[in-house]
Amino acid sequence: MSYIESILQKLLTPDSNIIKQATKQLLEYFVSEKCVIGLFDVLKNSQNPQNRKFAATLLRKKVKNWKLLDNKEKSALKGDIVEALLKESDESVRKQIIWLSASIYKYSLKAKQEWNEFLTFINELISSQNPDQNLFGIVVLNILTEEAAEQLKPHIGNLMSIFWNILSNLKDLKTSVLVISSLKNLFPFVGDENKDVEKILPVALNAIVQIIKADQQEETITNIFDFLQVLVEYDLPFVSVYIKNMAEMTITFISDSTLMNPTRICAMNFLNVLIETQKSSLIKNEMIRPIVNSVFTIMCQSSDPLQTKSDIEVDMLDDGEEKAIDDTENIFTAATQVLDFCALYLPAKKLIKILIDYVSPAVNSENSLHRRAGLAALAITCEGCSDYYRNHYLEILTDVCLKGMQDSDPNVVQISYFALCQFSEFLQPNLGQFSHKIINLLLDSISNKPELRQISRLTVRFYDALQSFCENLEDLNEHLPTLMGKLMTLEGHSNSSLKLQRLLISTFSSIVCSVKSNYNEYFDYTVNLIKPYLSYNQLHTGNNDTKMLQIECIDLMGVFAKFIGRDKFNDEIIQNCLSFVINALSNESDPEIRSAAYDLLAGLANKLKEKLPLGVIMPQIMESLKSEEGINMIDSDDKKVDAFSAFDEIDLQDEDLEDEEDDEENEDEMDPEDDQKLVVENEYVTEKLSAIICLQEILKYLNPQMYDFYDESFEEVKNLLNFVHLNIRKESYLAMAYMISYFHDYCIVNLQAANETERQILMTKFVTNLKDFKSKSAKAIEMDANRELVMSIFDSMKILLSRCAPFIKSHLSDFGQLLETFGNLILETFQNKIYCQMINNEDSANLEDNEAEYDYMLKEYAGDVLPSLALCLNDNLFDNYFEKVLVYLFRLLNKSESTTAERSFVIGVVGETVANLENIKASRAKQLFSEFYKYINSNENEIRSNTIYTIGVLCSQSSNALVQFYPQIINDLYSILKKEKNKQALDNICGSLCRLWLCCFSVNLENVDYELLMKTIFELTPLRVDLNEYHTFYTFISQIISNKMLMNFYQKIVEISGHIMSNSHEEEFKAGTKEMAIGFLKYVDQNYKEELNILLNEIRTDLASTIKTCLV
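If you want it as structure tokens, here you go:
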């Protein structure tokens, strides 16, 4: 036995010490001159197949550095590898030798050293009359196309001829499958010379139909649908004419009940790809109806449960009779996912008009499976088509859902709860008009359905629905006493079920998110209820159900910390919670507990602000951000791959030897046949995500300790921008924006206080960080296919610019390129030019005709950056840019089928943008007035309220360019007030009347009744939902503070000021609002002290106390 074989033999022993020693010897041998020939001798002559396999694998790693091998080694490998392959009897070793041969071919050609003999050998095998040799030749060619497809480009024409012959005859299905796999490997490299490729496509599609009928093994099905996916994703020009054929073929597979479920589900997954990337072709070829028909038919036939993969659902049902069905078998869930893709990528109007034809009879059918399918279809499409549903089918959807909740079949009831959960999330605030019907039915269910006191999918879905409805309802307060009474009674009977208690605690969290401090009455009761689970010492007692209940209780305390004032959530509770968090983060490795601790800490940040002890906390956050726990390589058998094997160590050792010219192409190449993929375990993703969100909350306050961790945390967050999990990437962009904003507020705003050297260092860091954000975000927006990520980046951009605007504006020469880049990205989004808009390869006009609601949402997120951009530029510079943007905004506003959401967005974003300018030109003001004023009496609440707001802003920001319209606007607003019931519109009328009072008074307009106008303004206070308008209200007061008319309303202003000062949620008010309120109180205190004291005795004691504190 040779020296190297003895080393390989030692690696097979179970003794870890021997393996460690052998690994060291192998590493030393691997860089020796004997390595290549020694390993090749083992491959050719060893009697142990495992050693031969090891040798082939190691040789592949050496072959990567082909240029560094000497001629003797190259000649030996090329000369004898075919012989070694032919005489090898072990299947697994033979496969490794084929991969080695393919690698030799690849790197030999990259080094411009031909190896035609290998192609000749393959051709002889394929041309053989012996079926076994013929199959073997195709196996070798398939692996070669996977390893060296680019090097085979000169031979694509000949290969297509070979493949055409095989697929035309279909003598051997296994051979045909390998050919399909080879085509998948080659198609990305076909280039413009594709006539031979185009010729083979119809033959390949026909072969696929025959193969699937005969062979539904997982490997076969995977190869076929991977091939189809490559066809559509690589945007090959000759493929477009076959999209209809592929869609029809896929629908045939989906509809064929003789095929196995995994096959039909693979077909549905491919159909999702077609919907996402080829929607225009599908619409043009009228494929929406056949798609809906195929999947809805399956939904009406299948009794599989709908699985949403929510963590709570999986955990709740993990040990009962309702365990999850494997994804490859649950055909009902797969069918709903196709509808979800339709809703997300197809125009809502075109989809829903067709879907309703199927849903309407289904929900009224005597067959419960049909009723369930109809409800599921409405629920699943709700997210992508929410605007269309809100404006055309809201009452119908509500009635269908309520009827389903009372159905005699529990499976229909269960889906109805899921539908209500979806409707509550995506159809608010409009759904609120039916709140009495919905909440009464939910409350009746709590009292009259004993089955909801046992854990089942029905129970979990009920609480999901109840929580979602409560959390998203605009005004839950009127239902709060009855709801809490029912839940408190139910809690008294739930002690025997930890899971049921967990659902109740989660429901309390949702209620608090909705009613905030109005929950105070129930705070003590709830804290006493969960107190036994809030001790750190209790974390390790009990089973998993106990742990999950404890985590739910911790989450509830985090919600309390965020929404309940210090009168209830007092210093003692704060310190106890902080102590718990520090203990949990310092001592716990369980990612679920650490995640809950971060969620609680995020709430505590709202209470402790800059006093949070970051010296203890930030090292733990950094550890979670850096952690690679839970990140695994998974092989084709779903087994974890050991990331520290001897072969990986060899990869590391060998990096320095790789040819520099090949650096970019030699990035940890793995054996494709191993089919390894990177996966992240959910609980570790949750911990990392919670840590990032917690960091965002900390950064909102100017904690001086944060500066010590700034550089390290900035780098870690930047690294996470490329993380495998979408939500981590989204939150990392937001965290990066908050980090730079913190640095701006903490360091840059006070730049003048630093010496010259410090100023230079701080300014350099700020500029560098902004450049990092710009380059990362611009690249992602321009190149990433995921719309959700791009939306999140625009949101981050808005936060960053709005927080840093004053400094950027005063240093335009340093930040001009940054603003130009961001401005161009917004324009490109409106022009449909960024990558996630161009996947369908359509021209702009067609894209707008075929826009899904999510496509429009992307433009809304881009447009929402405009007001922040306006803060950063002087008015003239911004107006030049604004003129370009308005072209696209007006097009969106005035297109023939513009939706409510589109019109309200355009009018609203223009108003917010103009409000952030110091002044706008008279011509611009008149242009915008003429475009928008016609919508002031719109029947749609959103459009009407946004128009009222924007008209008021145009008047106040245009130096009285619209003075001729002031009386008309005021009279129209009076008319609207007589019938207006929408809370948002009423608040916006108040703001606009404040602006108009000042405008009219500034020009001494005589035909205005100022007393009536002021009386109307105060009748509209206190504000209801849009607390930002308090900034307008106090601006109005501050400018006329000495006006005698105003003195009649002092008591009301004082009372409103008390409410504002008592509100701990500063994010609900526009910056500067509280300062103006205090300014008014101090003015009254200084000039009318006795009157103020009388007023304070007439208002609520707590408000009077708050005001007195402010005046000290």
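Each step along the sequence shown adds one to the number in the UniProt record's numbering, with nothing skipped, and position 118 is 118. Beta carbons: idealized from backbone N, C-alpha and C, even for Gly.
Excluding its 5 nearest sequence neighbours in each direction, Tyr881 has C-beta neighbours in its own chain below 6 Å: Gly823, listed in chain order. Taking C-alpha positions only, Leu282 is separated from Glu897 by approximately 21 Å.
Note on geometry: alpha-carbon atoms of Phe418 and Gly565 lie some 33 Å from one another. Its Cα nearest to that of Met783, the residue Met838 stands out among Asn71, Met160, Met838, Leu818. Of the candidates Ser958, Leu625, Glu629, Ser958 places its Cα closest to the Cα of Ile920. The beta carbons of Leu1013 and Ile970 sit about 7 Å from each other, so the pair counts as a contact at 8 Å. Following the DSSP letters along the chain, one finds Val400 inside the alpha helix (DSSP H) bounded by residues 394-405. Of the candidates Phe1080, His725, Ser732, Ser732 places its Cα closest to the Cα of Ile693.
According to the DSSP assignment, Met1 belongs to no alpha helix (DSSP H), since it is labelled neither H nor E. For Ala1077, the enclosing alpha helix (DSSP H) stretches over residues 1073-1087. Apart from the 5 residues on each side of it in sequence, Val179 sits with its Cβ closer than 7 Å to the Cβ of Ile138, Phe163, Ile166, Leu167 in its chain, given in chain order. Out of Ser176, Asn1048, Val767, Thr1032, the CA that lies nearest to the CA of Ala1071 is found in Thr1032. CA-to-CA, the gap between Thr821 and Leu789 works out to about 18 Å. Of the candidates Ile122, Ala207, Gly908, Gly908 places its Cα closest to the Cα of Asn988. Cβ-Cβ distances below 8 Å link Val203 to Trp164, Leu167, Ser168 in the same chain, with the five nearest sequence neighbours on each side left out; the list follows chain order. The stretch 861-870 makes no contact with the stretch 358-365: fewer than 3 CB pairs, one atom from each, lie closer than 8 Å. In terms of Cβ geometry, Asp172 and Asn223 do not form a close pair [threshold 9 Å]. Closest option to Val82, judged by alpha-carbon separation, among Asn65, Ser101, Lys64: Ser101.
With a 10 Å radius around the Cβ and a threshold of 16 neighbouring Cβ atoms, Tyr242 comes out buried. In the displayed model, Val140 falls within a helix according to three-state DSSP.
Following the DSSP letters along the chain, one finds Trp164 inside the alpha helix (DSSP H) bounded by residues 156-169.
Comparing alpha-carbon positions, the option among Arg729, Asn477, Leu503 lying closest to Ser514 turns out to be Asn477. Sixteen is the threshold: when 16 or more other Cβ atoms of the shown chains lie within 10 Å of the Cβ of Ile126, as they do, the residue is buried.
Using a Cβ distance threshold of 9 Å, Ser497 and Gln454 count as a contacting pair. Gly952: member of the alpha helix (DSSP H) spanning 941-957, first to last residue. Annotation for Trp115: no alpha helix (DSSP H) segment contains it, and DSSP assigns it neither H nor E.
For Lys568, the closest alpha carbon among the candidates Lys981, Arg372, Thr526, Ile98 is that of Thr526. Counting C-beta pairs closer than 8 Å gives three or more between the stretch 614-630 and the stretch 567-587, which meets the contact rule. Collapsing the DSSP output to three states places Pro290 in a helix.
Nearest to Leu889 by C-alpha distance, out of Asp711, Glu918, Ala22, Phe932, is Phe932.
In this model, Gln307 and Leu734 are separated by some 30 Å (Cα to Cα). Counting only runs of 3 or more residues that sit fully inside the stretch 431-463, no beta strand (DSSP E) segment turns up. Counting only runs of 4+ residues, the alpha helix (DSSP H) found wholly inside the stretch 775-834 occupies 787-810, 812-830, in chain order. With a 10 Å radius around the Cβ and a threshold of 16 neighbouring Cβ atoms, Asp1009 comes out exposed.
Counted as a single uninterrupted DSSP element, the alpha helix (DSSP H) harbouring Ser255 occupies residues 243-255.
When the beta-carbon positions are compared, Ala149 and Asn123 stay at least 9 Å from each other.
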